[in-house]
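A.B. asks: Numbering (our numbering), first residue to last: 4 to 141. The beta carbon of each residue, even a glycine, is placed where N, CA and C say it ideally should be. The structure follows.
Rendered as structure tokens:
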């Protein structure tokens with residue numbers, strides 16, 4: 004990990020739906036977010052949104068729905084075709100290039116989608132907030 008970049012650790016665990024958000028220092032250029040992920044219900048909807056500095060516009064979203072990994076491009080969910088299982092831990096990495104307005108998603112080291120256009124690219128110049136939303140969050 005690059006020592007000039009901040010890191011944060013949060014743990015969300017619940018049996019209800021809801022959301023947890025975390026402000027981070029504004030990041031620009033190339034930003035990588037890594038996290039461990041597990042869902043109790045792979046058929047349900049969960050996602051991690053990466054927002055601009057004031058939290059008003061989301062740029063990148065990765066999650067699960069209907070038993071697959073999903074991501075958002077042009078503000079719409081896209082099924083990746085890669086299966087996700089309930090009660091299994093995954094290491095997820097989201098690599099964001101704010102200069103190129105794209106992001107890529109890796110699960111357990113394997114790319115599931117690359118070169119995805121950032122949502123709201125005209126408004127997202129930096130990343131400053133993480134928000135986890137869905138079933139089992141709260």
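Looking only at its own chain, which residues have a Cβ that is under 6 Å from the Cβ of residue 41, when we skip the five neighbours before and after it?
C.D. replies: 92
A.B. asks: With DSSP collapsed to three states, give me the class of residue 42.
C.D. replies: coil
A.B. asks: Identify whether residue 53 lies in helix, strand or coil by the three-state DSSP scheme.
C.D. replies: strand
A.B. asks: Considering residue 72, what are the terminal residues of the beta strand (DSSP E) in which it resides?
C.D. replies: 71 to 76
A.B. asks: Taking the C-alpha atoms as reference points, what is the distance between residue 68 and residue 34?
C.D. replies: Rounded to the nearest angstrom, the two C-alpha atoms are 25 Å apart.
A.B. asks: Just list the residues that DSSP pairs residue 63 with in beta bridges.
C.D. replies: In the DSSP output, where bridge partners are listed per residue, residue 63 has 53.
A.B. asks: So, for residue 12: in the same chain, excluding its five sequence neighbours on each side, which residues have a beta-carbon less than 8 Å away from its beta-carbon?
C.D. replies: With a pLDDT of only 43 at residue 12, under 50, the local geometry of the prediction cannot be trusted, and no value is derived from it.
A.B. asks: Just verifying my parser: in three-state terms, what is the DSSP assignment at residue 2?
C.D. replies: Because residue 2 is not part of the residues shown, which for the chain are 4 to 141, the question remains open.
A.B. asks: In three-state terms, what does DSSP make of residue 105?
C.D. replies: Three-state DSSP puts residue 105 in a strand.
A.B. asks: On a Cα-Cα basis, can you pick out the residue from 53, 88, 43 that is closest to residue 36?
C.D. replies: 53
A.B. asks: Is it right to say residue 32 is buried, meaning 16 or more other beta carbons lie within 10 angstroms of its own, or is it exposed?
C.D. replies: exposed
A.B. asks: Looking at the structure shown, is residue 113 part of a helix, part of a strand, or coil, going by DSSP?
C.D. replies: strand
A.B. asks: Could you have a look at residue 84 and say whether DSSP puts it in helix, strand or coil?
C.D. replies: strand
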